[in-house]
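Line by line, the protein sequences are chains S and C. Sequential numbering from 0 applies to the first sequence in numbering that gives the first Met the number 0. Sequential numbering from 0 applies to the second sequence in numbering that gives the first Met the number 0. Glycine included, each C-beta is placed from N, C-alpha and C at the ideal position. Values in this document were obtained by computation on a predicted structure and should not be read as measured data.
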Amino acid sequence: MIPVEKVRTGIKEVSVKIKKEMKGEGEIRIMHLCGTHEDTITRYNIRSLLPENLKLLSGPGCPVCIIPDVDLQMIFHLIQNTNIIFTTFGDMARVPFEGKSLFYYMSKGYDIRIVYSVFDAIEITTQTDKPVVHFGIGFETTIPSTALAVLDGVENFYIFSSHRFFIPAMGHLLSLGETKINGFINPGHVSTIVGVKAYEPIKKKYKLPQVIAGFEPYDVILAVYHLVKAIKKGESALLNEYTRAVKYEGNLKAQRVMNDVFDRDDWEWRGLGVVPASGGVIRKKYEEYDAMKVFEDIFEDFEPKEDIRKRACRCGEVLRGLISPLDCPLFLKGCTPKDPVGPCMVSFEGTCNIWAKYGGYRI
Amino acid sequence: MKMCIAILGRVESVESPFAIVDFSGAKKKVRIDLLEDVKPRDYVLVHVGFAIQKIDEEEAKKIEEMLAEIIGQ
Ligand code: SF4
């Protein structure tokens, strides 16, 4: 790895170069698309190294945050009306709907277990006769692991899929046309799976510069530098800064598994509305593992509702890069990491949570 | 559990479809069947218990060159 001192001076010098490039320019707005990028940016206060006319926005890159309330309501409905073991990743267990979360239901005696991997969930099936339902969440980084679990063909094991494909959301966000975006920092880990090639259609259609970046501070600052240069030149560049992990074709084996098990449907995202071809639906040939199909009857009387407690929550606008958490009147007042109102404050990858944790920024 | 986080580890031993991966001292059993041809001493990115990509050490070194190049411009 690169010696720390060298990195430090390197970052500083790149930031000086960026400032030089930005001198006398109008406002340039760069959006990153991954909670882990927001973590790097805020933790190392990278925004403080950038000039006033360069804005680094945070986009819809938090997989927990973008899951809409209706999915949460459905799993609560499922848990309350069946005798199952429900497994979930930890972040998701704290997201409230009407003030209640999976942790709340756990405390009421429902059998909900936090797992690190879908295979911990499969492990549980060997110790019980009860159906085990796993909450499948995450973007292309995570979908292949769920797909492999399905292909393992385990009895009594089901997936409730809230998986969403990320790439369609990028085009969708641009097509909404609300947020002025001049360039994207593309999500590094999603890219390890989908490869550079997945972004070609966005490049073609929107002519917007994109840089795939890793998660070290120097990765981010390099991405910003390349973007500024491309934006100034009006180039629709598609660069890969994260070559140590991202190939042009991506991980083909993971793509095969993912596409074999999952089809794509038009699904809703928090903040983005319905995103065409973004929903990870389990294909018909694997429907015996699809909780939505297997427990179909349970959902017959299901009615989605609005959570009035979230009326003041502006997570949706945070996810579209329209506002920063500081613009939300509840930020660190009614909404804190300990007592969150919206998912952006719950998830470790939510912008509100990250800002609350590290403090001291500007956008 | 951080969703899109993947952590870097070094493969110690392989027993398909699993490998024991060393994360700076902490060892964990990881599924490797989303990748082709994983060998001991490979660096892999691990996400929710799965190795999702190998890390190319040669490419990792290029970052340094890239930084040097920009600074030198
Ligand atoms: S601070 Fe809380 S209430 Fe405000 S947008 Fe973020 S999650 Fe929602």
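message: Please confirm whether Gly24(C) has its beta-carbon closer than 9 Å to some beta-carbon of chain S.
response: It does not: the Cβ of Gly24(C) has no partner Cβ on chain S nearer than 9 Å.
task: Pick out whichever of Val6(S), Tyr288(S), Arg269(S) and Phe75(S) has its Cα sitting closest to the Cα of Phe102(S).
output: It is Phe75(S) whose Cα lies nearest to the Cα of Phe102(S).
The segment 211 to 221 of chain S contacting the segment 87 to 94 of chain S, beta-carbon criterion three pairs below 8 Å: Result no; under three Cβ-Cβ pairs closer than 8 Å.
- prompt: Quick one: any contact between the segment 268 to 287 of chain S and the segment 298 to 317 of chain S, if contact means 3 or more CB pairs under 8 Å?
  reply: Yes: the two stretches touch, three or more of their Cβ pairs being nearer than 8 Å.
message: Quick check: is any heavy atom of ligand 1 less than 8 Å from the C-beta of Leu329(S)?
response: Checking every heavy atom of ligand 1 against the Cβ of Leu329(S), one is found closer than 8 Å.
query: So does Lys337(S) have its beta carbon nearer than 8 Å to some heavy atom of ligand 1?
result: No, ligand 1 has no heavy atom inside 8 Å of this Cβ.
- request: Check whether the segment 58 to 65 of chain C touches the segment 225 to 243 of chain S, counting contact only when three or more Cβ pairs, one atom from each stretch, lie closer than 8 Å.
  value: Taking 8 Å as the limit for Cβ pairs, the verdict is that the segment 225 to 243 of chain S does touch the segment 58 to 65 of chain C.
- request: Can you pull the chain C residues whose beta carbon is under 8 Å from the beta carbon of Phe156(S), in chain order?
  value: One finds nothing in chain C with a Cβ atom closer than 8 Å to the Cβ of Phe156(S); even the nearest lies about 16 Å away.
- request: Label Tyr115(S) either buried or exposed according to how many other C-beta atoms from any shown protein chain fall within 10 Å of its C-beta, with 16 as the threshold for buried.
  value: Its Cβ having fewer than 16 others within 10 Å, Tyr115(S) is exposed.
First through last residue of the beta strand (DSSP E) which encompasses Thr127(S): Run containing Thr127(S): none; DSSP gives neither H nor E here.
message: Using only CA atoms, which one of Ile54(C), Ala67(C) and Ile19(C) lies nearest to Asn250(S)?
response: Checking every option, the nearest Cα to that of Asn250(S) belongs to Ile54(C).
message: Given this structure, state the Cα-to-Cα distance separating Arg308(S) from Phe301(S), to the nearest angstrom.
response: A straight line joining the alpha-carbon of Arg308(S) with that of Phe301(S) spans about 20 Å.
message: Report the start-end ranges of each beta strand (DSSP E) in the segment 210 to 258 of chain S that is 3 residues or longer and not cut off at the edges.
response: You should have 237 to 239.
Minimum Cβ-Cβ distance from Ile19(C) to chain S less than 9 Å: Not one chain S Cβ lies under 9 Å of Ile19(C).
message: Quick check: does the Cβ of Lys309(S) come within less than 8 Å of any heavy atom belonging to ligand 1?
response: Yes, the beta carbon of Lys309(S) sits closer than 8 Å to at least one heavy atom of ligand 1.
message: For a test of the three-state rule: what should DSSP assign to Glu57(C), helix, strand or coil?
response: DSSP places Glu57(C) in helix when its eight states are reduced to three.
message: By the three-class DSSP mapping on this structure, what secondary structure does Tyr198(S) have?
response: Look at Tyr198(S) here: in three-state DSSP terms it is helix.
- request: Can you tell me which of the three DSSP states Phe347(S) falls into?
  value: Residue state, collapsed to three classes: coil.
field: Residue(s) in a DSSP beta bridge with Asp68(S)
entry: DSSP lists no partner for Asp68(S).
Three-state secondary structure (DSSP) of Gly89(S): Correct three-state label for Gly89(S): coil.
- prompt: If you run the structure through DSSP and keep just helix, strand and coil, what is Ala290(S)?
  reply: Judged by DSSP in its simplified three-state form, Ala290(S) adopts helix.
task: Taking only heavy atoms of ligand 1 into account, decide whether any of them is closer than 8 Å to the Cβ of Cys351(S).
output: Answer for Cys351(S): yes, Cβ within range of ligand 1.
message: I'd like the list of long-range same chain contacts for Thr86(S), defined as Cβ closer than 6 Å, with 5 residues on each side in sequence excluded.
response: Excluding positions up to five away in sequence, the list reads Arg112, Val114, Ala120 and His133.
query: How about Asp55(C): is its C-beta nearer than 9 Å to some C-beta of chain S?
result: Chain S contact via Cβ: present.
field: Beta-bridge partners of Ala18(C), as assigned by DSSP
entry: Per DSSP, the beta-bridge partners of Ala18(C) are Val13(C) and Val29(C).
message: Please confirm whether Ser160(S) has its beta-carbon closer than 9 Å to some beta-carbon of chain C.
response: With a threshold of 9 Å between beta carbons, Ser160(S) makes no contact with chain C.
Euclidean distance between Cα positions of Pro336(S) and Leu32(S): Roughly 22 Å separates the two Cα atoms.
field: Contacting positions in the segment 23 to 44 of chain C - beta carbon closer than 7 Å to chain S
entry: From the segment 23 to 44 of chain C, only Arg30, Asp32, Leu33, Leu34, Glu35 and Leu44 have a Cβ closer than 7 Å to chain S.
Cβ-heavy atom distance, Met91(S) to ligand 1, below 8 Å: The answer is no for Met91(S).
query: Looking at His188(S) and Leu44(C), is the spacing between their C-beta atoms short of 9 Å?
result: In this structure, Leu44(C) lies near His188(S), with their beta-carbon atoms less than 9 Å apart.
- prompt: For Val58(C), which residues in chain S fall below 7 Å Cβ to Cβ?
  reply: Here residue 58(C) is Glu; the residue named in the question, Val, does not match the sequence. Within chain S, the residues near Glu58(C) are Thr242 and Arg243.
- prompt: Does Ala197(S) get closer than 9 Å to chain C when you measure Cβ to Cβ?
  reply: It does not: the Cβ of Ala197(S) has no partner Cβ on chain C nearer than 9 Å.
query: Does Gly8(C) have its Cβ less than 9 Å from a Cβ in chain S?
result: No, no contact with chain S.
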